[in-house]
Every structure is written in C-alpha cells, then in structure tokens.
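Report on the following structure.
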Amino acid sequence: MKKVFMFFVVVMFLAGAAEAGVLNIVDGNDIKEIVNAAEPSIAIGQSFVKKESVKTATISLITYSNRDLALGSLRGGYAGKELDQPESIIGALEIIAPNIARRFIPDTLKDWKANFKVLTLLPSASIYGGRVINDEETDKKWDFGATIGSKVTF
1 MKKVFMFFVV VMFLAGAAEA GVLNIVDGND IKEIVNAAEP SIAIGQSFVK KESVKTATIS
61 LITYSNRDLA LGSLRGGYAG KELDQPESII GALEIIAPNI ARRFIPDTLK DWKANFKVLT
121 LLPSASIYGG RVINDEETDK KWDFGATIGS KVTF
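Here my numbering is used: position 80 in the sequence shown is 80, and no number is missing along the way.
Shown next, in the form of structure tokens:
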C-alpha cells in the first residue's frame, strides 16, 4: 500500500509541477459552477421492493436539455430510510415536469420555479433502481422505487 501511495505522490508531483491545482483558491464562482454541473437533488419516495418510504440524494450524470430547459437527467446517488443511513447505491431516471410543461405553454405563464435570492429549486420526479449495500433487516439484494423532490441550481 505504501508503494501505491508513493507512486501516486510522485505522479502528482510531476504532473503538478507547473501548477499545484490542490493549492488553488476556490472562490464563489467555482462553487456555483460545481453545484450547477452536479445539480444535487434530495427526494422522498417509496421503495417498491421494501414497501417503505425512502430518501435519496443524487447528482446528475447526464442532463437532457432542449431550448435551454433541462427536461430530464440520468442520476447517481444513494437511498435509505434516512439520508445519513444509506442502504442502496442507486441510478435514477428523472423528469422535470415543470420544464416539460413550460415547452407547451405561453411565455407569459412560464415562471413556475421557486426563485430565491441565491438559488433555484426545480421540482422533479424520478424512478430509481440499485444494489442494496446495507440492509440487515431483509435479504433483498436489489431495490427499486419512485421519488419526488427538487434539484438545486444557482
């Protein structure tokens, strides 16, 4: 293990000789770009396998947009009874219903998102499936369900 770590340190030192990326200062714009790219989401829903409510935390892996409106995304994250107790690693397929509806309504009625001073919340619905990693109560290996929640963007 020490050899792998030392190899990693040497490679990072040689690759980072021109600029030490780790030492760069992260400002507010960088954080906004990271959040906007990841589109974090927390949602509540129902597990079809366990027959119980779940909470999920996901980030966007791929987002499908049309006319500058995000219509859906492929997401990755985890699910559990509580957010601090993950039980399944999941992949989710999400739709953003307000943006889909906004494509078909007049421009005067398009302000459906909750705009706060700093961030925007977009309601969404998703179906998910994944592998159970931490569940002592049942012998289930896979988990499937549906959720509703919101995505955060700046």
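Positions of the beta carbon are idealized from the N, C-alpha and C atoms, including for glycine.
- Asn29 sits in a helix when the DSSP states are folded into three classes.
- Under the three-state reduction of DSSP, Ile95 is assigned to strand.
- Not a single unbroken stretch of the alpha helix (DSSP H) spanning 4 or more residues falls wholly within the segment 56 to 84.
- Membership of Ile42 in the beta strand (DSSP E) is indicated by the continuous run 41 to 47.
- Listed as beta-bridge partners of Ala146 by DSSP are Gln46, Ile127.
- In this structure, DSSP gives Ile133 a state outside helix and strand, which the three-state scheme calls coil.
- Within the DSSP secondary-structure output, Ile89 pairs in a beta bridge with Tyr78, Arg131.
- Separation of Glu82 and Ile62 (C-alpha to C-alpha, rounded to the nearest whole angstrom) is 26 Å.
- Per DSSP, the beta-bridge partners of Lys151 are Ser41, Leu122.
- Comparing alpha-carbon positions, the option among Glu33, Asn36, Gly149, Ile133 lying closest to Leu93 turns out to be Gly149.
- The C-beta separation of Asp143 from Ala79 comes to about 7 Å, placing the pair in contact by the 8 Å criterion.
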